[in-house]
Amino acid sequence: MARAASGAQSGENRRRMGTMTILVKDGGFMPEDWQAGYVPLAALSNAPGQAGVDLSTPQLGREEWARLCRLLPQIGLVRVKMRHFGDVAALDLAQAIRRTGYRGRLRAHGAVLARIYTMARRAGFDEIELDPEQARLQPAEHWRNVPDWSPARRGGGAPRRDAPIR
């Protein structure tokens, strides 16, 4: 397993610093259960051990993507930052990671809204990480995975070119 180089922030350290992570899963809010810490992709070593990789941006260069793909079989958790609400690049990255065959945990954090939870789950995320303020503003009942959801079709719109104008 890949392991964190020095400087990984463990769950114990986060609790001491006064930040409490709340996870959103299909069953509701859950306490943080990842104890191995996170490191940036560049700091991840090939040595045995388990670590989580923290991707501070969903836009990876060719070399970063190749490195991530090479290390994925050894990574227990991939944490992807959503930089803004509706960060499509983060959803695309989650899908790309799942297409590699990755079966580990895939977590979104950052600017995540409850209303995109279903899309995040469809993209391949297993869970969403919230800080206490995000959880207060978006309580557990707002986070629902709706497996049979589909985008609403817009009525009207531009007429077809072959349609008569009325």
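To convert, note that position 48 of the sequence shown is 48 in UniProt numbering; the numbers rise steadily by one, no gaps.
Note that CB positions come from ideal geometry on N, CA and C, so glycine has one too.
In the DSSP assignment, Pro40 is bridged to Asp54. For Leu44, the closest of Ala94, Leu130 and Leu71 by C-alpha to C-alpha distance is Leu71. The residue among Asp92, Asp26, Ile22 and Ile75 with its C-alpha nearest the C-alpha of Pro147 is Asp26. The beta carbons of Val80 and Tyr102 sit no closer together than 9 Å.
The closest CA to that of Ala90, considering only Val39, Pro73 and Ala108, is found on Ala108. Closest option to Trp143, judged by alpha-carbon separation, among Asp87, Thr21, Cys69 and Ala120: Ala120.
By alpha-carbon distance to Ile97, the top candidate from Glu133, Leu60, Leu130 and Gln138 is Leu60.
The Cβ neighbour count for Gln74, taken over all protein chains shown within 10 Å, is at least 16; the residue is labelled buried. Taking Leu41 as the centre and dropping the five residues before and after it, the same chain places the C-beta of Val53, Leu55, Glu64, Arg67 and Leu68 closer than 7 Å to its C-beta, in chain order. C-alpha of Asp131 to C-alpha of Arg62: approximately 31 Å in a straight line. Relative to Asp87, the option among Arg105, Ala111, Pro151 and Gly104 whose CA is nearest is Ala111.
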